[in-house]
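Residue numbers (the UniProt record's numbering): 1 to 326.
We treat Cβ as the ideally placed atom computed from N, Cα and C, and that holds for glycine.
Since we're looking at a predicted model, the values are computed, not measured.
Shown next, in C-alpha cells, is the structure this report addresses.
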Ligand code: NAD
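Here is the structure:
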C-alpha cells in the first residue's frame, strides 16, 4: 500500500516518489512505465527537465493497460523562472497540463523564488535553463512572488492544478506567502540530506501545515555527474553512502546506505523523490518500510550537517549573477 502525506489542500501525496531530473527524454516513457510496475505512484517533474511529455506517455500507457487509474498517480511539475508574470504563469500551467496529458496536475510548484526576464518563444519555444546559447546573461525581472502565487491559485480555480506549492523557498518568504495565500501552500520542496539538514526550515514548514519534500536525498551523489562548476562542491566531500554512521546503520538494519538516507527523511514525515535509471535501485528506493531508525540514530545522521548546498545557482552560475540562498 502506498504511504501518503495529507496535503493542506486535502489531497494525499505519496511519501516516496520518483524524480525525473536527468532522466533522458529517449527512455523516460519506458522508465516511468516500469517504475509504475515496480510500485511508484508519485512522479516529480518540471518544465526544466524537458521529459514531461514522455513521462506522461509512460503513465498513460500504464493506465491504458489497466495497471493503475489516473487517480492512483500523483504528478508534480514546476514553473520555471522566466514565466513568473501572471499571464506567462497561467499559460505555462495550461501547457504543462497539456503536455503531461493526464487531465490535471496534482501539484504545481514555483521552481525557484526568483523571476527572470521572459524569453520569447521565438528564440526557442520555452527555454528552461538559467542561460542558453542565445542568453548568456541572467537577467532578473520585477515580478513579486505574490503575483506568481495568485496565478497558481487561478490554475487551481480552473481545475488545471489540484494543489500548489513552492520549491527552494526559505522561511522569510514562506511567512510572507502565508499572509496572503487564498489556496493553501501544500508543499515545500527543498534540498535536504545530512549535509544540508535545514532543521529550522523543515520545522517552520511542518508546523504551518506545509508538507516537505526532500530533493537530492543522497547529497553529493547526484551532482558528481554534472559539469565542473556544478560538481565542484560535491567532489570535495565524502560520499554519504560511505559516511558514518550511515554505512554502519546500513549493516545493522541489513539495508543499503541509500535506504538509510531515505528512511531518515520519511521517518520524519518528509517525502522523498530519488531518481534512478536502474531497475534494482528503483525497487530498493521504494522499499523503505519495515524498519525504523532509533531517535538517537536519526539525530546522529542529522549531526553530519554542514550547511552544504549543492544546488546553488549563486555558486555554479558563471560570474554569480544571483544569490537566492544568501
Ligand atoms: P538523488 O539524490 O535522487 O540522487 C540521484 C543519484 O543517486 C543518481 O546518480 C543515481 O544513480 C544515484 N542513486 C539512486 N538510487 C541509488 C541507490 N539506491 N543506490 C546508489 N545510488 C543511487 O538526486 P536528484 O536527482 O538530485 O534528486 C531527486 C529528484 O529531486 C530529481 O530527480 C528531481 O525530481 C528533484 N529535484 C528538484 C530540484 C528543485 O530545484 N526543486 C532540484 C534537484 C532535484
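message: Looking at the ligand NAD, does it come within less than 7 Å of residue 218, judged from the CB to the closest heavy atom?
response: yes
Unbroken alpha helix (DSSP H) run spanning residue 252, endpoints: 246-253
Neighbourhood of residue 262 by C-beta, 8 Å cutoff - its chain only, sequence neighbours within 5 removed: 16, 217, 272, 274, 285, 288
query: Which one or two residues does DSSP pair with residue 146 in a beta bridge?
result: Partner(s): none; residue 146 has no beta bridge.
Contiguous beta strand (DSSP E) assignments of at least 3 residues, all confined to the segment 24-70: 42-44
field: Residue closest to residue 243, alpha-carbon to alpha-carbon, out of 158, 156, 219, 266
entry: 219
Proximal residues to residue 41 (C-beta, below 8 Å), its chain only, five neighbours per side dropped: 2, 14, 17, 68, 72, 73, 74
field: Option nearest residue 193 by Cα separation, candidates 300, 164, 66
entry: 300
message: Quick check: the segment 159-178 against the segment 100-114, are at least 3 beta-carbon pairs closer than 8 Å?
response: yes
query: Can residue 285 be considered in contact with the ligand NAD, in the sense that its beta carbon sits closer than 7 Å to one or more heavy atoms?
result: yes
field: Pairwise C-alpha distance: residue 52 and residue 77
entry: 8 Å
- prompt: Per DSSP, residue 213 is paired with what?
  reply: 189, 271
- request: Go ahead and pull the three-state DSSP assignment for residue 9.
  value: coil
- prompt: Between the beta-carbon of residue 179 and the beta-carbon of residue 7, is there less than 8 Å?
  reply: no
message: Considering only the alpha carbon of each residue, which of 5, 57, 47 lies closest to residue 29?
response: 57
message: Quick check: what's the CA-CA separation for residue 278 versus residue 39?
response: 14 Å
field: Proximity of residue 184 and residue 9 at Cβ, strictly below 8 Å
entry: yes
field: Residue span of the alpha helix (DSSP H) that contains residue 322, given as start and end
entry: Residue 322 -> no alpha helix (DSSP H), and no H or E assigned at all.
message: Using 8 Å as the threshold, is the C-beta distance between residue 47 and residue 20 below it?
response: no
message: Assuming contact is defined by CB atoms lying nearer than 8 Å, are residue 108 and residue 152 in contact in what I supplied?
response: yes
- request: Could you round the C-beta distance between residue 306 and residue 195 to whole angstroms and report it? I think they count as a contact, below 8 Å.
  value: 5 Å
message: Could you check whether the Cβ of residue 170 sits closer than 7 Å to any heavy atom belonging to the ligand NAD?
response: no
message: To the nearest angstrom, how far is the alpha carbon of residue 158 from that of residue 200?
response: 34 Å
message: I'd like to confirm something about residue 274: is its beta-carbon nearer than 7 Å to some heavy atom of the ligand NAD, or not?
response: yes
query: Taking the alpha-carbon positions, what's the residue 252 to residue 291 distance?
result: 11 Å
message: Can you give me the C-alpha to C-alpha distance between residue 269 and residue 22, rounded to a whole angstrom?
response: 26 Å
message: I'd like to confirm something about residue 44: is its beta-carbon nearer than 7 Å to some heavy atom of the ligand NAD, or not?
response: yes
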